[in-house]
Ligand code: FDP
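Numbering (full-length UniProt numbering), first residue to last: 1 to 339.
See below:
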């Protein structure tokens with residue numbers, strides 16, 4: 001091993017250092033957010049390790065090693081990992097998870113001021129074929145001294161304090177925004193640390209990719225159909241856009257953030273509210289998009305202005321490069337004028 005080269009790496013910007021640096025800009029800060037985040041980061045590392053072992057476990061039965069317990073489904077396991085990580089931080093009061101029908105109110109002795117909404121393992125239909133999946137989270141803060149109520153999480157996305165996702169793919173990447181831009185960190189397995197690899201991510205103003213499940217096309221509304229037609233047969237002499245659709249939101253949004261373009265999960269006749277969940281899919285990804293200079297739109301309004309009425313509510317979503325989403329907004333505005 002080259003110890004000299006290794007020694008040089010000690011000046012790396014790890015996610016812990018990054019968050020502590022941010023915290024030091026606010027002398028009044030009690031460090032609660034940094035503690036909460038360190039628990040989320042541990043949850044991500046834990047799930048990453050489970051996801052990496054999952055294929056192997058299935059083939060050679062590693063499950064047998066867990067005291068004869070039947071192997072838990074990865075999404076159920078991931079939920080347990082995050083609930084435990086969040087409650088044990090003693091910084092949370094309400095947890096909303098995709099996996100739990102009801103919100104979890106943390107017991108008073110372990111309560112803090114943060115509400116965390118999350119999808120512990122999004123894109124789970126991709127698990128068995130080894131395609132990238134991820135955890136998505138958003139964080140709200142309740143006022144000092146107030147009793148937490150469900151209304152604390154039924155707030156528009158623009159009130160989120162922070163949002164992020166962790167993608168379990170060819171590498172494990174954590175993308176985070178605390179409201180001052182977007183930064184990406186990649187897990188270095190040899191150090192067990194997330195290292196800042198994508199500082200200050202900005203999405204290209206216009207992209208060359210559209211990302212949608214075209215199998216639903218026969219049920220789309222007019223503006224969605226027109227937009228996709230425009231992507232394929234542009235009339236302004238520009239090149240057609242490429243289609244990329246993984247069917248795993250974290251992976252599709254991650255590519256959109258880095259390469260530009262647009263990701264859409266629109267409403268259709270069968271699902272008038274689309275498929276994706278407002279609190280832990282639409283809001284965190286919209287928060288990141290806006291922080292990176294992009295836009296996010298529901299077909300009716302800016303996604304982050306939406307006020308959810310139920311914790312598992314769904315919404316159509318169009319997000320990505322600023323100019324591309326602007327075209328979609330214009331198509332919906334034109335449709336509304338016609339009506
Ligand atoms: P999945 O059903 O595999 O959990 O919301 C879940 C989600 O995946 C997203 O990650 C993904 O973007 C979307 O659903 C894919 O839906 P379609 O299969 O309908 O395209």
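All C-beta atoms, glycine included, are put in the ideal place defined by N, C-alpha and C.
Inset, instruction - Could you round the C-beta distance between residue 298 and residue 315 to whole angstroms and report it? I think they count as a contact, below 8 Å. - result: 5 Å
Inset, instruction - Would you kindly check if the distance between the Cβ of residue 254 and the Cβ of residue 277 is under 8 Å? - result: no
Inset, instruction - Tell me, to the nearest whole angstrom, how far the beta carbon of residue 207 is from that of residue 45; I am working on the premise that it is less than 8 Å. - result: In fact, because the Cβ distance is near 31 Å, the residues do not count as touching under 8 Å.
Inset, instruction - Leaving out five residues on either side along the sequence, give the residues of the same chain with a beta carbon under 7 Å from the beta carbon of residue 65. - result: The pLDDT assigned to residue 65 is 47, lower than 50, so where the model puts this residue is not dependable, and the model offers no usable value.
Legend entry - Cβ shell of residue 18 (< 8 Å), same chain only, five flanking positions each side left out: 183, 185 and 196
Inset, instruction - Run through the segment 260–313 for me and flag every whole beta strand (DSSP E) of 3 or more residues, listed as ranges in chain order. - result: 262–265 and 295–297
Inset, instruction - Taking only the alpha-carbon atoms, compute the straight-line gap between residue 103 and residue 80 and give it to the nearest angstrom. - result: 14 Å
Inset, instruction - Would you check whether ligand 1 has a heavy atom nearer than 7 Å to the C-beta of residue 238? - result: no
Inset, instruction - Flag this pair as yes or no: are the beta carbons of residue 324 and residue 261 separated by less than 8 Å? - result: yes
Inset, instruction - Tell me, please, which residues DSSP counts as bridged to residue 135. - result: 166
Legend entry - Paired residues, beta bridge with residue 34 - DSSP: In DSSP, residue 34 forms no bridge with anything.
Inset, instruction - Give me the Cα-Cα distance between residue 84 and residue 105, rounded to the nearest whole angstrom. - result: 13 Å
Inset, instruction - Drop a sphere of 10 angstroms on the beta-carbon of residue 88, count the other beta-carbons inside from all chains shown, and report buried for 16 or more, exposed for fewer. - result: exposed
Legend entry - Buried or exposed by the 16-neighbour rule on C-beta atoms within 10 Å, applied to residue 67: With a pLDDT of 43 at residue 67, under the threshold of 50, the modelled position of that residue is not reliable, and the figure given next carries that caveat. Result: exposed.
Legend entry - Inter-residue spacing [alpha-carbon to alpha-carbon] between residue 77 and residue 122: 13 Å
Legend entry - Alpha carbon of residue 240 to alpha carbon of residue 118, nearest angstrom: 35 Å
Inset, instruction - Count the other CB atoms, across all protein chains shown, that sit within 10 Å of the CB of residue 163; report buried if there are 16 or more and exposed otherwise. - result: buried
Inset, instruction - For residue 295, collect the residues of the same chain with a Cβ closer than 6 Å to its Cβ; drop the 5 residues on either side in sequence, then sort them by chain order. - result: 322 and 325
Inset, instruction - List the endpoints of the continuous beta strand (DSSP E) containing residue 233. - result: Element bounds for residue 233: n/a, residue is neither H nor E.
Legend entry - C-alpha distance - residue 331 paired with residue 317, whole-angstrom precision: 14 Å
Inset, instruction - Tell whether a beta-carbon distance below 8 Å holds between residue 23 and residue 34. - result: yes
Legend entry - For residue 194, the residue or residues it bridges with in DSSP: 187
Legend entry - Bounding residues of the beta strand (DSSP E) (the contiguous stretch that carries residue 175): 172–177
Inset, instruction - Please list, in chain order, all residues of the same chain as residue 153 whose beta carbon is under 7 Å from its beta carbon, the five residues on each side excluded. - result: 94, 96, 103, 115, 117, 140, 279 and 311
Inset, instruction - Determine the extent of the alpha helix (DSSP H) in which residue 17 is found, giving its start and end residues. - result: 15–24
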